[in-house]
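Residue numbers (this note's numbering), protein chains in the order written: chain A, 1 to 656; chain B, 1 to 99; chain C, 1 to 549; chain D, 1 to 523. Positions of the beta carbon are idealized from the N, C-alpha and C atoms, including for glycine. Structure record follows, encoded as structure tokens.
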Amino acid sequence: MENLIALLVAAPLLGAAVLLCGGRRLDAVGHWIGTALAAVSFVLGVVLFADMLGKSPENRTLMQHLFSWIPVEGFQANVGFQLDQLSMTFVLLITGVGSLIHLYSIGYMEHDERRRRFFGYLNLFLAAMLLLVVADNYLLLYVGWEGVGLASYLLIGFWQHKPSAATAAKKAFLVNRVGDMGLSIAIMLMFTTFGTFAFGPVFQATGALTSGADAPGSEGKLTAIGLMLLLAACGKSAQVPLQSWLGDAMEGPTPVSALIHAATMVTAGVYLIVRSGDIFNAAPDAQLAVTVVGAVTLLFGAIVGCAKDDIKKALAGSTMSQIGYMVLAAGLGPIGYAFAIMHLVTHGFFKAGLFLGAGSVMHGMNDEVDMRKYGGLRKYMPITFVTFGLGYLAIIGFPGLSGFFSKDKIIEAAFAKGGAEGWILGGAALLGAAITAFYMTRVMLMTFFGEERWRHAPTPSPAEPSVEPAAETRGAHAEPHPHESPKVMTIPMIVLAVGSVFAGAFFGIGERFVKWLEPVTGFEHGHPPVSALTVTLSTVAVMVVGVGFAYAQYGRRPVPVVAPRGSLLTRAARRDLLQDDFNHVVLVRGGEHLTRSLVYVDHTLVDGVVNGTAATMGGLSGRLRRLQNGFARSYAVSMFGGAAVLIAATLLMRAV
Amino acid sequence: MNPVNYLYLAALLFTIGATGVLIRRNAIVVFMCVELMLNACNLAFVAFSRMHGNLDGQIIAFFTMVVAAAEVVVGLAIIVSVFRARHSASVDDASLMKL
Amino acid sequence: MSASAVHSLWTMAADPIEKIQAPKIEYGQLSPTLIVIGAAILGVLIEAFVPRRSRYYAQVFVAIVALAASFAAVVGLAAGGYATTKAGIAAMGAIAVDGPALFLQGTILLAGLLGVFTFAERRLDPAAHGKRVDSFAAQAASVPGSDSEKAAVKAGFATTEVFPLLLFAIGGMLIFPAANDLLTLFIALEVFSLPLYLLCAVARRKRLMSQEAAVKYFLLGAFASAFTLFGIALLYGYAGSVSYATIAQVVDGTVQNVSPALAATMGNDALLLVGGAMLVMGLLFKVGAVPFHMWTPDVYQGAPTPVTGFMAAATKVAAFGALLRLLYVVLPGLRWDWRPVMWAVAIVTMLGGAIVAITQTDIKRLLAYSSIAHAGFILAGVIATSPDGVSSVLFYLGAYSFVTIGAFAVVTLVRDAGGEATHLSKWAGLGRRSPLVAAVFAVFLLAFAGIPLTSGFAGKFAVFKAAAESGAGAIVVIGVISSAIAAFFYIRVIVLMFFSQPRPEGPTVAVPSPLTMTAIGVGVAVTLVLGVAPQYFLDLAGQAGVFVR
Amino acid sequence: MSFPLLTATAVLPALGAIATAAVPAAKRTAAKWLALVVSLATLALAVTVLVRFDPDGARYQLTESHAWIPEFGVRYELGVDGIAVALIALTAVLIPFIILAGWHDADPLETGSKRWRPTQGFFALILAVEAMVIISFEATDVFLFYIFFEAMLIPMYFLIGGFGDRAHEHGEETAATQRSYAAVKFLLYNLVGGLIMLAAVIGLYVVAGNFSLTEIAEARANGSLNMATSTERWLFLGFFFAFAVKAPLWPLHTWLPNAMGEATAPVAVLITAVVDKVGTFAMLRFCLQLFPEASKWATPAILVLALISIIYGALLAVGQRDIKRLVAYASISHFGFIIMGIFAMTSQGQSGATLYMVNHGISTAALMLVAGFLISRRGSRLIADYGGVQKVAPVLAGTFLIGGLATLSLPGLAPFVSEFLVLVGTFSRYPVVGIIATFGIVLAALYTLVLYQRTMTGPVKAEVKHMPDLRVRELVVVAPLVVLLIFLGVYPKPVTDIVNPAVKQTMSDVHKKDPQPEVEAAK
């Protein structure tokens, strides 16, 4: 059984290798190879899952030691896998959604001459992501961690000839690197504290450290580790303050946005925090930080989501905020871990579905992304409409759909944190729910209802950069003829829609999911200051309010094709609440100045000293040279003087 | 009379010779100053020889004279050829090479 | 009044004449010198009696044979143990036959041999009126540019006197480091100086510069020798003798039967110190140490290049030999007085030579300044006052003289219409036009710079090592710094030769006869051998490191 | 005695150099092939050394010892420990690629010129450098090491000054002047360093009386040779200065950008990937072994300098407009990491540093050689002259990207292992230093990706529209390097196994123990 884990990772890796090294001769079948290998690893995952279900909950964990990776005096890094319920969940999510999106991409990327490479990258991503979740130590996790970063870099920048895409990709990688810095420092701290960074030993040692009063200030260390892990999570999961890359990441092809920047990769941060639960449990301060980040981000993302007219960016904002929920939950400790993961999974379904829907819409609309140029599309693309709608209901937490179950639990848990914190966090979560309802309804209405603003719509204005290039190939400049997407695209959407309808109920009822994860993450029932029922009702209430507002603004009144100037907040939100501008001014500009001045310093100062010495020597030489004036008598003078000095010196030597 | 005075005289002559070398332009004169210095040496030798009561100094004086004569031969040869080439015996004119 | 009484008025009775015993001369031990001097005299006779057309060949033949024989004699003596066990004083205390003397004599003789080769080179200058000419004036006496000169050239005269002159110079140099009393020292000094003055004056091209060089060299040399002589006089006055041994004894007060006069002068250190200083100054002038160096650039530039090469190599060897003997045999007693002074001289010499060389534009002047810098390095070894010091200096001199002769020999090859093209700008791109010559010259330059695997490095290391061991760490550091500065201008030349664009009107590289080729070839060979496997020669120098007194 | 394997490894390329130089002018191609074959034969010898070397055996193996210059107490002593073996292998591996990459760099400008010899010279010089580098890795006699440490400069100098990029953006004249400036700068910098070291070498002799590394280290260890603290420090500084120039360590680095910028890509690789390694290697072998106390005394200062190098180099790399200079500054940053790892005085740090030398060699070679191919196509080193290459030459772009990713030490590629080891090793003793150094990885990502974005992505520039993709020869050069990068990234064990014992030795030389974790976790 264990060996299957390696295969699980190996299959897509093989795919990547084949597709990227295979060359043009594979162009014809490349996408099928890629999809097939993704499917293979999904099947493997299912097999492992079945096997796991066969065992008793306590010893479901599979360990596999492959080989010793970096053996150095006192520093042992191994390549080994650990497959427990937590990783299993991810494996299924990744491979499942992954396979669907591969399938979808076959249709979506049909007209792109570099489709083979696209699938190669997708496979690479799958491999890295799987490695991330099945690694049995932090260093190997780090490999997967940066691997997904690389894949996302390649995929965001897939249309490299678009400067915007290239820039976005670079930005994503860089911001992630900042996070990775956190991760590596965390690993170093673990090494110096525990002498290891493998999951098992570290968590045991954590226990030892906290239980044994031997190490004073040990909590400080753990807090440091926790915060560093949090930093890493922020980078990967686009949490404030490292969220800025996610919006731009939408430059990538839509399937990428769906898979990487909605369903799986961006949730890696949540995985990291939940995985390191033991550390966080022992470091309450770090936990608090996590919750705060989560709460802030969920609002931040939501607000941004309200203002964007670009359908993908709107969804990106929502992703940010939904992950905020998860992080918040993860920060709550054992109360929340399970719910965090549960929301992560359900979110995986409906958000992926939504993105694919958006992709399908764009596919039918000449890759127009500006929702103000949509409208009334429901009768042109019914399937898309239905699936998207179901996803929509799920995300706003419409009772009975998956979002309802998962999000509701988180809000409960937030309140259950107790005390002022509890109220604040819970409140934030509730508010978030309201805003979510608002902006999602906004998206829904602007896209599928209202009058058909795309008729005689001006072709994409140059002001709107994110026009996918395939546009040319699909004759953008004609008036769009909305049409339903091919089966290969719709089927995944349907599947995901089904998932987003029933997953929540399936997991939530009877705490099935919680029980499943409990052996890994532990679980304790939260006791909210108000009854669970109250929380649920209020959640539904605010949701209705949000929807109402949105309907009032976008359903009743016609939507202007050109965005109104909007309030200060709106304008700020359109610019990601100015966070980018901040980065630009402080980091980019500042950095440029720094480097430029350093280049100057290097040339004038450091190098100047060297050249200066040479010059001084030259000058000195030139001056001394004049003594050699060609007159024999002056030479005689120097001899005479020299003799005098010589004599004097000798006598002096004797004198002293 | 105390031979030391001869030494003082010798030193004086030597200094005069050296000064001449430094201040006179005409190559011949310069050269003569050198000869003067040599003779100062001779005087010193003889004086010392007298003091120590051995003949080495006096013998050396003879050698010096021979050497001086030889120097004259070589020196004059060179100086004369230069004079004929440049029509000037000034050592300061011979300063093609410098720096 | 009695006749005798009267007679005694204007005469005095002289002591009865006792028998002067005939001096005992060890001809065998003096053979090297005697051979050379004899050959020189023979050369004079050849000038007098051999018909002009065959003089050149006769002279070259005699010179080469004499030098070879003399070298063989030196080797024989050394093999016979005179360098070590049987080392002793010859010619009634006038000449020392010991390790250093023989080693240096051998070096001088080899340098002289190569010198003869470069002197005898007749392929470089374009043939005048169908006759091959060497680098010496057709008739040194004739006024430059005058009709008589033209006539002489037309008649195909050649100054074959240079060979006897050279031999005389070598003879003097052989005695110089071996001289064991101050008189011999002075005579030897003059014997090798006077011919050199003349040799400087007899260049074929650029005669005015050549004569100017001669004048300067002569006047300053005479000036310096006057100082030397006065120094000798004072030392004589101090010790009552000119023999090294006696002076040394007097200096460290181990002398027997002190006469009252001696007792009087002995007390007077001023005599000793001033005398010693003036004598040393004379020698420093010969080695070209700052501030007595100023003649070097002008003379090196003006003199005929073969002469320059010979002079630069052999004079240094001889002068340093004499300096060593003086400081190690005569004046060890006041080591503590002269060492600090010599430190100072060494330092200013190293730095001065290196720094001024940076901005030179004439290859010969450049090499002159480099020779000054090297004098400084050697002085660093001299002041070590240890057997290692001696042997390191000997080794350095050996290595250095071959590099020098080779380098100047290469300089003679690079020519344009006006004779040798010594201005650096003309050397631009030489490496492109004739890679081999440029490469050879590069080897010499690298040796000068002291890059490992060349003799220059081994020598420098030996000298600095000796200095460091004698606790002169500062000297070593400064030496290292100045060799870094020196490296700069050697590199400059290499850059010029290899990385600059050749000038269209650049000089041509003449193809020399086997003579010069041998000179250069030997130079390169020695440079590399002493760089890679110096041990044998180090041993030689090591065994030769002991003076006899 | 047995076959002198080490001598052979060094002598073979030397002979090859002579033979190559002797090939007649017309037979240019033959010379190239000869050089290539010789380098491959050397590789074979190096591999034998690798095989014959027993990691758990004596410290120095395959030793040879002959009298050379007793007068100076100098012996011809060779011997290799794990570190040396690794670096010899690196050298021997890289040289064939360098030769192959520089296949046409020294061809005559006008084809069919009969009297054109530089081609032979180029390859002969490369082999000469290889010989000298290898022997200085093998030397266990300080003097012997010093000789080749210095002599190596001469061929390098001619390689830098004599051969430049074919098409130069400012025309041949300025190119020549810039080249010779770079060459002179390189030579003088290193010569000054070397001469200062010479003073120290002499000093060492005065103190120790001989040059045998093993004997002196032995004597130091058993206390039979104890230096005055000040003496030891001065000598250490003398040695370290030379190595710091070679390495190069801030602020002695300014020769590297010029040299790497002006030299052709293969030569640049030779400089940074092979020759400079001698500096860091020597720090590890000579500074630490001969002067353990002084090394510890100097550690804080050196760490600060290394830290500056890391950040400063990276920032300047960001600011460069010239591809090669960018790589040069990146290398400065990486050398900072290496030196930091050496002087962190932890097993991880030093193993990491050694590994880093190897990996940096390979990764820089990959990046720089591809950059060279790029430059040779367009005839410009300026980043601004490129754009959209990815579209027209995907393979070139791909390999370039991999090289870049290696430079920013992406996990899974070799440099990550070493960089992380260095960081951990430093962090465990000097946490603050470690953390600051970690910023280096962000900056590395910045300059690499900026370079890639500006050259490879974006709209296709007119000048590069018809740029051909990698040719077979070029692919043969790059592919193995890429494979190596990946292999050593996934499975560095072979190297670490060789290196670890040597590092253990060094650690014991300096009497340092790794800091122990607070909690001994249940393994």
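Selection from the options that minimises the alpha carbon distance to residue i
i	options	result
A:S638	C:V411, C:F292, C:L283	C:F292
D:A344	D:A406, D:A282, D:F427	D:F427
A:V46	A:G96, A:K55, A:I335	A:G96
D:L198	C:R339, C:F547, C:M173, C:A458	C:A458
A:M444	A:S402, A:F405, A:F388	A:F388
B:R24	B:S95, B:S90, B:M97	B:S90
A:V559	A:M371, A:F81, A:L83, A:S276	A:M371
Exposure label - residue i; buried when at least 16 CB within 10 Å
i	result
D:A301	exposed
A:H65	exposed
C:E121	buried
A:K407	buried
C:D252	exposed
C:D134	buried
D:N190	buried
A:S567	exposed
C:S98	Here residue 98 of chain C is Asp; the residue named in the question, Ser, does not match the sequence. Buried, since its Cβ has 16 or more Cβ neighbours within 10 Å.
D:E215	buried
Anticipated Cβ contact below 8 Å, residue i with residue j, distance rounded
i	j	result
C:V280	C:L234	Not really, about 12 Å apart at Cβ, beyond 8 Å.
C:I478	A:M617	About 15 Å separates the two Cβ atoms, so there is no contact after all.
C:F441	C:Y490	At roughly 10 Å, the Cβ-Cβ gap does not stay under 8 Å, so C:F441 and C:Y490 are not in contact.
C:G145	B:N54	Not confirmed; about 55 Å, so no contact.
7 Å CB neighbourhood of residue i in its chain, flanking five on each side removed
i	result
D:P155	L125, A128, V129
D:Q178	E262
Residues near residue i by beta carbon distance below 6 Å, same chain, minus five either side
i	result
A:T193	K221
Same chain, Cβ closer than 8 Å to residue i, five either side skipped, listed in chain order
i	result
A:V29	none
Under 7 Å (Cβ pairs) to chain A, residues found in the stretch 164-197 of chain D: Within the stretch 164-197 of chain D, no residue has a Cβ that lies closer than 7 Å to any Cβ of chain A.
If you measure beta-carbon to beta-carbon, which residues of the stretch 455-479 of chain C are closer than 7 Å to chain B? So the list is empty, because no residue satisfies the distance condition.
Could you please tell me which residues of the stretch 632-645 of chain A, in chain order, have their CB closer than 7 Å to any CB of chain B? Those would be A632, R633, A636, V637, F640, in chain order.
For the stretch 608-630 of chain A, enumerate the residues whose C-beta is nearer than 8 Å to any C-beta of chain B, in chain order. Residues of the stretch 608-630 of chain A whose Cβ lies closer than 8 Å to any Cβ of chain B, in chain order: R625, R626, Q628, N629, G630.
Which residues, in order along the stretch 291-304 of chain C, keep a beta-carbon less than 8 Å from a beta-carbon of chain A? Those residues of the stretch 291-304 of chain C that come within reach of chain A (Cβ to Cβ, closer than 8 Å) are P291, F292, M294, W295, P297, D298.
Against chain C: residues of the stretch 81-95 of chain B by CB proximity under 8 Å: Here the close residues are S81, V82, R84, A85, R86, V91, A94, S95.
Relative to chain A, which residues along the stretch 4-18 of chain B have a C-beta separation below 8 Å, given in chain order? Contacts with chain A (Cβ-Cβ distance below 8 Å) from the stretch 4-18 of chain B involve A18, listed in chain order.
Scan the stretch 318-349 of chain C for residues whose Cβ lies nearer than 9 Å to a Cβ of chain A and list them as they occur along the chain. Correct list: L334, W336, D337, W338, R339, P340, V341, A344, V345.
Quick one: which residues of the stretch 213-224 of chain C get their C-beta closer than 8 Å to a C-beta of chain A? List them in chain order. Sequence-ordered contacts of the stretch 213-224 of chain C with chain A read V215, K216, L219, L220, F223, A224 [C-beta pairs closer than 8 Å].
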